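For the sequence shown, our numbering begins at 1 and goes up steadily by one. The C-beta atom is built at its ideal place from N, Cα and C for all residues, glycine as well. Everything numeric in this text was worked out from a predicted model, so none of it was measured.
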Amino acid sequence: MSDTEQQDRLDKEKQRAAAQALRWVRDGMLVGLGSGSTAAYFIQLLGQTLRGGQLQIQATATSLATEALARRAGIPLLEPRRGLRFDLTVDGADEIGPRLTLIKGGGGALLREKVLATSSDYLLIIADSSKLVPQLGQFPLPLEVVPFALPWVLDTVALLGGNPKLRLDKKKAPQPAHSDQGNILVDCHFKSLPDPNQLALQLQDIPGIVEHGLFLGLASAAIVAEGDQLLLLRP
Ligand code: 5RP
Numbered sequence: 001m002s003d004t005e006q007q008d009r010l011d012k013e014k015q016r017a018a019a020q021a022l023r024w025v026r027d028g029m030l031v032g033l034g035s036g037s038t039a040a041y042f043i044q045l046l047g048q049t050l051r052g053g054q055l056q057i058q059a060t061a062t063s064l065a066t067e068a069l070a071r072r073a074g075i076p077l078l079e080p081r082r083g084l085r086f087d088l089t090v091d092g093a094d095e096i097g098p099r100l101t102l103i104k105g106g107g108g109a110l111l112r113e114k115v116l117a118t119s120s121d122y123l124l125i126i127a128d129s130s131k132l133v134p135q136l137g138q139f140p141l142p143l144e145v146v147p148f149a150l151p152w153v154l155d156t157v158a159l160l161g162g163n164p165k166l167r168l169d170k171k172k173a174p175q176p177a178h179s180d181q182g183n184i185l186v187d188c189h190f191k192s193l194p195d196p197n198q199l200a201l202q203l204q205d206i207p208g209i210v211e212h213g214l215f216l217g218l219a220s221a222a223i224v225a226e227g228d229q230l231l232l233l234r235p
């Protein structure tokens, strides 16, 4: 299969997973909207459903890009406020490991994604089949880092074996990529991640790391499309 054919196949899987996720949305829900290409398919389909008048929901976006997409799709948006909890957040993932452990943040939205994931009663992950892995760690683990702390964070993560690399801004390379919050995005290349829980604790202890892309114990379910099949996975 050529690269283009493979990409087309994965794109169709993303669309199928996104379409299936619409079944989780109920009238009146407050919904968290994830970031990335799979979440974008969900947002477009959700917008179509709302325009059809079948249901009404309100939503909050996990990135500026998602916010713009949701506005274009006609989805009513809520600003963050105290007491706000989401019935459902639908988001993509870069890797889905055992018991729905996740690596997220390939699109740089890990901080807002984790804020919404932890403020949601139900986190539904939607993905194509390439995201399912027997052990996390092939995909570089993203970190969001405060600019002042960057040199020390890089030193400390290197000591942990993380081989950290600054993510480059795709449009302004060689400038580093920044998150929506203006922090620096770093990708860590651990050779393997046999104990994600322990690594998460170590990363949380490093001053200057605002967030890391390990999402552990957060996903309620995942819809993974694999060819014509739809898998519904639970932790
Ligand atoms: C963005 C994310 C995305 O959910 C993740 O990168 C998956 O993206 P895609 O659906 O395009 O494969 O975590 O920060």
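Item, Value
"Expressed to the nearest angstrom, what Euclidean distance is found between the alpha-carbon atoms of Leu50 and Gly74?", "8 angstroms"
"Could you tell me if Ala158 is buried or exposed, where buried requires 16 or more neighbouring beta carbons within 10 angstroms of its beta carbon?", "exposed"
"Does the Cβ of Thr89 lie closer than 7 angstroms to at least one heavy atom of the ligand 5RP?", "no"
"From the DSSP output, read off the bridge partner residues of Asp187.", "Pro142, Lys165"
"Contact between the segment 209 to 217 and the segment 142 to 152 is defined here as three or more beta-carbon pairs at a separation below 8 angstroms; is this criterion met?", "yes"
"Does the beta-carbon of Gly137, which I'm using as the reference point, lie nearer than 7 angstroms to any heavy atom of the ligand 5RP?", "no"
"Cβ of Thr38 within 7 angstroms of any heavy atom in the ligand 5RP?", "yes"
"Considering only DSSP beta bridges, list what Pro176 is partnered with.", "Leu168"
"Thinking C-beta only, is Gln56 closer than 8 angstroms to Gly97?", "no"
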